[in-house]
Structure formats: C-alpha cells, structure tokens
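Trainee: Dumping the structure here so I can ask a few things about it.
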Ligand code: ASP
C-alpha cells in the first residue's frame with residue numbers, strides 16, 4: 045500500500061513541470077555607439093530586460109517575455125527598429141521581425157513591412173493566428189490591419205520616424221528567454237542597415253540565421269546580416285549545445301566560425317533551458333541587459349563579458 049502511495053506521488057511529481065529560474069537576455073545591436081549615447085542605451089536594455097523578466101515572474105511564458113522586451117526597445121526610438129527605424133536608399137522604412145517558440149519549434153516572421161511601429165507583435169500574430177510562419181510586404185500589412193481590427197494587440201498609430209540612428213552601423217534589437225518551466229524563446233526586430241536597397245532582407249527575420257530556439261537553447265544574432273546568413277549562425281549555435289557544449293562554449297565556437305568563414309562583424313546572445321547565458325561579439329559594442337532570479341536588478345553592459353561581468 046505504502047509503495048503504491050510513493051509510486052503515485054512520484055508520478056504526480058513527474059507530471060507537474062519542474063519550476064526553474066527565469067532568465068532573459070536582451071541586446072541592442074552589435075555595432076559602434078558614441079560614448080555620450082551609452083547611458084541612454086544602457087537604460088533602454090535595463091528597462092527591456094526588467095519588463096521581460098516581470099512578465100515571466102507573473103507566470104508568463106518565455107515567448108510573451110521576449111515579445112514584451114523587444115516591444116520596449118522598439119518603442120524607445122533609440123535603436124534602428126520600431127520608432128527609431130532607419131530609412132532605406134529611397135528614403136522609406138521597411139521593417140523585419142521574428143519571434144520563435146522553442147518548445148513548439150514554430151516561429152512567426154514579417155519582412156519588409158511598411159507603416160507600422162511594432163512588427164514584433166505582428167510576428168507574434170503570425171505565429172499564433174495563422175498556419176504560416178513568414179509574411180512579406182502587402183500581405184503582412186493586410187494581416188496587420190486584421191490584427192488591429194481583432195484587437196489582438198493595441199497598436200499605436202503608425203509612428204515610424206526614420207530618426208537619425210545613434211549607432212554608427214545598425215542596431216537591431218533582440219531577446220532570448222527561458223521561463224519558470226524551462227521553455228525557451230527568441231525574438232528580434234530591425235529596419236536593417238540604413239540606406240539598404242528597397243526589399244533587402246537580412247538575417248534577422250530568417251529562422252536559423254537571425255534567431256533560433258528549441259527545447260535545448262535559444263539564440264539571437266545581430267550584425268552584418270549577409271555574413272550571419274552564410275553560416276546560419278543561430279541554428280549552428282544551438283546545435284553546438286545539442287551536441288553537448290555549454291552555451292558559453294557554443295558562443296565561442298560560432299564566433300570562431302564567423303571569423304574563419306566570413307568577414308564577421310556580428311554578435312549573439314544565448315540562453316539554455318537551465319538558464320545559463322552565453323554572449324559573443326566581434327564589434328566594438330553589443331549593449332546587453334540580463335535579468336535572472338539571482339540578480340537584484342538587471343546586469344547591463346555595452347561590452348559584456350558574461351558570466352564574469
Ligand atoms: N542583422 C541586421 C541586418 O543585417 C542588422 C543588425 O543586426 O544590426 O539587417
């Protein structure tokens with residue numbers, strides 16, 4: 045009788061998902077920034093990581109957390125994404141965004157969309173409300189209008205500004221997170237490089253290049269999209285973890301491949317299902333914010349060296 049009781053308790057415990065410590069890492073682009081802009085950028089990554097973390101503390105999913113964090117950075121107007129989006133060679137803004145749910149192995153992405161402020165929410169809509177994963181141009185805009193009509197997201201009036209970017213290059217925004225139940229997600233949003241050709245799409249919204257997440261790890265890349273695409277950087281980085289590497293080693297390995305096989309100029313953030321964090325970059329800066337259970341407040345840095353800080 046007693047052994048039957050223990051068997052039942054054991055079975056029940058296995059059915060209740062184990063609670064873990066949530067962790068979120070956000071970035072504000074692998075590039076160069078003037079020193080006078082560092083405080084504002086660090087404040088933005090601090091706010092974004094706090095927001096995403098708060099979502100998970102309230103039992104929100106990693107997916108909800110990365111959407112919320114990227115939304116905050118899109119809204120800040122500081123990065124070449126959302127309100128700060130930079131114009132292309134013909135003077136208009138085209139935005140790319142993606143969000144990926146590691147456990148479902150599904151993503152939603154939009155590419156070269158015009159006239160909206162928060163493409164990350166449209167990407168989430170694609171993931172949740174369509175049977176497809178990628179939309180471009182006019183079709184994406186029609187979905188956006190449907191999303192607003194349905195009240196799925198309260199989208200502010202189109203406010204893409206084409207402001208002068210702070211970054212000397214391009215400062216895409218992104219986030220990776222693991223929630224209380226060990227579920228992983230990754231998301232990114234960008235207007236791409238200032239002065240890009242109309243219709244150009246970089247790595248950011250391409251699953252496996254700009255972002256990837258499965259049940260083992262999540263990765264989010266930034267920098268020269270054409271170089272990141274050559275090595276499907278996010279997918280390869282996660283693959284190293286599947287093969288037994290720590291996320292820290294995985295980031296080192298993929299940065300070595302980037303250096304050896306391409307002209308570089310990129311970086312990435314990673315987290316695994318245990319909450320371990322990896323960060324790599326070969327650019328002057330990669331502003332990052334990290335928030336985790338064992339931190340009182342977000343850890344932020346323009347040139348992060350994690351975990352030594
Ligand atoms: N990877 C982005 C692109 O090539 C730019 C960036 O990450 O800053 O569009």
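Residue numbers (the numbering used here): 45 to 353.
C-beta atoms are modelled at their ideal positions from N, C-alpha and C, and glycine is treated no differently.
Pick from 193, 268, 305 and 216: whose alpha carbon is nearest that of residue 126?
Mentor: Ranking the options by Cα distance to residue 126, first place goes to 216.
Trainee: Is it buried or exposed, residue 136, if we count other Cβ atoms within 10 angstroms and call 16 or more buried?
Mentor: Exposed, because fewer than 16 other Cβ atoms sit within 10 Å of the Cβ of residue 136.
Trainee: Rounded to whole angstroms, what is the Cα-Cα separation between residue 317 and residue 226?
Mentor: Between residue 317 and residue 226, the C-alpha separation is close to 5 angstroms.
Trainee: Roughly how many angstroms separate the alpha carbons of residue 342 and residue 104, rounded to a whole number?
Mentor: Distance between the alpha carbons of residue 342 and residue 104: 18 angstroms.
Trainee: Checking 8 angstroms against the spacing of the C-beta atoms, do residue 275 and residue 302 come in under that value?
Mentor: Going by C-beta atoms, residue 275 is nearer than 8 angstroms to residue 302.
Trainee: Evaluate residue 118 with the Cβ neighbour count: other Cβ atoms within 10 Å of its Cβ, from every protein chain shown; 16 or more gives buried, anything less gives exposed.
Mentor: Classification for residue 118: buried.
Trainee: Here's the rule I'm using: 16 or more other beta-carbon atoms within 10 Å means buried, otherwise exposed. How should residue 88 be labelled?
Mentor: The residue in question, residue 88, is buried, as its Cβ has 16 or more Cβ neighbours within 10 Å.
Trainee: Helix, strand or coil: how does DSSP classify residue 150 here?
Mentor: Residue 150: strand per DSSP, three-state reduction.
Trainee: What span of residues does the beta strand (DSSP E) with residue 178 cover, start to end?
Mentor: 178-180 is the span of the beta strand (DSSP E), which, as asked, contains residue 178.
Trainee: Sorted by chain position, which residues of the same chain lie with C-beta nearer than 7 angstroms to residue 349's C-beta, five sequence neighbours on each side aside?
Mentor: Taken in chain order, the list of residues that qualify is empty.
Trainee: How many whole angstroms separate the CB atoms of residue 312 and residue 277, which I take to be in contact at a CB cut-off of 8 angstroms?
Mentor: Yes, residue 312 and residue 277 are in contact; Cβ-Cβ is about 6 angstroms, under 8 angstroms.
Trainee: Between the region 278-287 and the region 256-264, can you find at least three pairs of beta-carbon atoms closer than 8 angstroms?
Mentor: As far as the Cβ criterion goes, the region 256-264 touches the region 278-287, which means the pair count is three or higher.
Trainee: Nearest-angstrom Cα distance between residue 283 and residue 314?
Mentor: Each residue's alpha carbon lies about 12 angstroms from the other.
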